[in-house]
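Peer 1:
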Amino acid sequence: MHIVFAASECVPFAKTGGLADVVGALPPELVKLGHEVTVYLPLYASVRPHLSGEWKYAVRSITIPFESYNRFVGIVDGGLRNGVRYYFVDCPELFDRQELYGTKTGEYSDNAERFGLFCRAVLEASKQLGVPQIFHVHDWQAALIPVYLRTVYYFDPMLSGAGVVLTIHNAGYQGWFPPVTTERLLFPWDIFTMDRVEHFDTFNFLKGGLVYSDILTTVSRKYAEEIQTPEFGNQLDGVLRKRKADLRGILNGVDYSLWDPATDGKLSAHYSPANLAGKVECRDDLLHAFGFDHVADTTPILGIVSRFATQKGFDMLAQIADQLMSRDVAVVVLGSGEPYYENFFKDWMFRNPGRVGAQFRYDEALAHKIEAGADMFLMPSRYEPCGLNQIYSLKYGTVPVVRATGGLDDTIEEWNEEQGTGTGFKFYGYSASDLLAAVDRALTVFKDKESWKKLMLNGMAQNYSWERPAKEYSDVYDEVARRRG
Ligand code: ADP
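Residue 484, in numbering that gives the first Met the number 0, is where the sequence shown stops; the numbers in between run on with no holes.
1) Could you tell me the distance, in whole angstroms, from the CA atom of Ala480 to the CA atom of Gly290?
2) Can the beta-carbon of Pro121 be found less than 8 angstroms from the beta-carbon of Val3?
3) Should Arg306 be listed as close to the ligand ADP, given that the test is whether its C-beta is under 7 angstroms from any heavy atom?
4) Quick check: the Cα distance between Thr297 and Ile411, rounded to an integer number of angstroms?
5) Tell whether a beta-carbon distance below 8 angstroms holds between Gly174 and Asn203.
6) For Leu99, which of Arg84, Leu42 and Leu165 has the nearest alpha-carbon?
7) Give the DSSP-derived three-state secondary structure of Thr262 in the structure shown.
8) Could you check where the alpha helix (DSSP H) with Gln358 kicks off and where it finishes?
9) Using 8 angstroms as the threshold, is the C-beta distance between Pro299 and Leu442 below it?
10) Looking at C-beta atoms only, is the number of pairs between the stretch 68 to 83 and the stretch 139 to 148 that lie closer than 8 angstroms three or more?
11) Do you know whose CA, among Glu478, Ala6, His49 and Cys9, lies nearest Ala244's CA?
12) Enumerate in chain order the residues of its own chain whose CB-to-CB distance from Leu32 is below 8 angstroms, with the five nearest sequence positions on each side excluded.
13) Would you identify the three-state DSSP class for Ala480, choosing helix, strand or coil?
14) Following the continuous alpha helix (DSSP H) through Phe291, name the residue where it begins and the one where it ends.
15) Here's the rule: buried if 16 or more other CB atoms are within 10 angstroms of the residue's CB, otherwise exposed. What is Thr104?
16) List the endpoints of the continuous beta strand (DSSP E) containing Ser267.
17) With Thr166 and His198 assumed to form a contact (beta carbons below 8 angstroms), what rounded beta-carbon distance in angstroms separates them?
18) Should the stretch 57 to 68 be regarded as contacting the stretch 109 to 124, the criterion being three or more beta carbon pairs within less than 8 angstroms?
19) Got a sec, what are the start and stop residues for the beta strand (DSSP E) Gly77 sits in?
20) Going by DSSP, what residues sit across from Tyr39 in a beta bridge?
21) Pick from Lys425, Leu407, Val36 and Val218: whose alpha carbon is nearest that of Glu413?
22) Measuring only the C-alpha atoms, how far is Ile133 from Asp374?
23) Under DSSP, the alpha helix (DSSP H) around Thr443 begins and ends at which residues?
24) What residue range is occupied by the uninterrupted alpha helix (DSSP H) comprising Lys206?
25) State the Cα-Cα distance for the pair Val46 and Asp20, rounded to the nearest angstrom.
26) Buried or exposed: Phe191, going by 16 or more other Cβ atoms within 10 Å of its Cβ?
27) Do three or more CB pairs link the stretch 453 to 465 to the stretch 417 to 424 at distances below 8 angstroms?
28) Does at least one heavy atom of the ligand ADP sit under 7 angstroms from the Cβ of Glu363?
29) On the three-pair Cβ rule with 8 angstroms, is the stretch 257 to 271 touching the stretch 280 to 287?
30) Is any heavy atom in the ligand ADP found nearer than 7 angstroms to the beta carbon of Cys385?
31) Three Cβ pairs or more, each shorter than 8 angstroms: is that satisfied between the stretch 342 to 362 and the stretch 234 to 253?
32) Quick check: does the Cβ of Ala366 come within less than 7 angstroms of any heavy atom belonging to the ligand ADP?
33) Bridge partners for Met378 per DSSP, in chain order?
34) For a quick check, are the C-beta atoms of Pro26 and Val38 less than 8 angstroms apart?
35) Tell me, please, whether the CB atom of Tyr361 is closer than 8 angstroms to any CB atom in chain D?
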């Protein structure tokens, strides 16, 4: 089957979060199953270094009409990589920017035009380069593809047979824009109703995608249930409940060719379940990266790698920050995002030099070093559609301490001392004291070297490779093709 992926992020070209990891790893796995896969991405500034030599245009110019002007978009051929074809939508005035969605001062004001154009360009390009059986679109940025397809492209004989699968990577980001977006993107006003794209008097990209796609998926079974409730649905729970029969939870895999301590090129030493010695060297390397000179070998290191957003639950950590410092523990943090959380970590670090270290940037290599060098990995998320870091942590023998939500609940099993089962520590309430209790349970087990080793090895034995989820997606594509056929 030919499947077109349309997304705003993909490793290694452009990344702000887990979406990029998924769009990078799933297509090659689908190719292994015999599918033909094409990935479309905007040609951001970060894509340019990946395009060597003179650009090869697969399509020189596509006209994308707006109300009173046209934009002209090229499709740059990114070639075949691991059997996957990459096309980049070239519209420099909209995409040739350092950031993907906005700067520290806010979102780009033309995001509706940027991603509206992207969606239309994917449809137009595929008419010239190959219409797939399935458009697999990701998050709000690509969610207008099904809306165009089932409205203004409805009578297009080339496109009418194509099915659409939409994957929700995070229902907290929906693409809300003013009502006038409807006509700016040349949609008829009759789609601006409550049962279509209108949402509390905004034009809502994701809602449009939820209404017009054939099948919806999200990135864990638990999150698929959660988003149908008012607490997690971000006001889309009603629409999602209506589409319950077409909503599937497929847990993300991880790319073990990048995330395996036995082969990880970003580490100072390698290790595996059979020989854990290298983890000690990774720990020293990590302490060095944070300039910690006096952390005892017996002191556990708690690691955090994260976007700083309310979703990630660091407000709870702030409440117990001082109590945590009364325990024997060191903390290393890598992340960036909302200034409120950066300020909290900065302040915590300055009050606890040599014990709390925080670095505020995006740094792939340091993320790997933390996964390897830390003893525990903290994810107290308010909600977490899948979460990748806890799955990386399992493989790295770095024990996850997580809130039991979404993919965190699906992937981490509480340690059971008597039976020697489980892979981490989890807490349920959104409460700082529950978080502290979970960390305390981890600190207690850490003191018992034998139990801790068993716990680490339980995690390292887990297998979250893409093989199984790829098969599940493949079944979803078959189901859509059957319905359309
Ligand atoms: P989300 O998509 O909500 O950000 P995920 O856990 O699904 O959360 O994915 C986060 C991904 O981004 C992981 O691959 C993680 O290692 C990476 N990441 C997050 N922040 C940073 C950072 N500051 N530096 C390097 N990698 C980061």
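Ideal Cβ placement from N, Cα and C applies to all residues, glycine included. In this text, all values refer to a predicted model and were calculated from it rather than measured experimentally.
Peer 2: In this structure, then:
1) 56 angstroms
2) Pro is not the amino acid found at residue 121; the sequence shown has Val there. Contact: yes.
3) yes
4) 25 angstroms
5) yes
6) Leu42
7) coil
8) Per DSSP, Gln358 belongs to no alpha helix (DSSP H); it is in the beta strand (DSSP E), Val355 to Gln358.
9) yes
10) no
11) Glu478
12) Ala469, Lys470 and Ser473
13) helix
14) Where Phe291 is concerned, there is no enclosing alpha helix (DSSP H), given that its DSSP letter is neither H nor E.
15) exposed
16) Unbroken run through Ser267: none, as it is neither H nor E.
17) 19 angstroms between Cβ atoms; not a contact.
18) yes
19) Asn69 to Arg80
20) Ala5 and Tyr86
21) Lys425
22) 43 angstroms
23) Ala431 to Lys446
24) Phe204 to Tyr211
25) 15 angstroms
26) buried
27) yes
28) yes
29) yes
30) yes
31) no
32) yes
33) Val401
34) yes
35) Of the protein chains in this structure there is only one, and it is not chain D.
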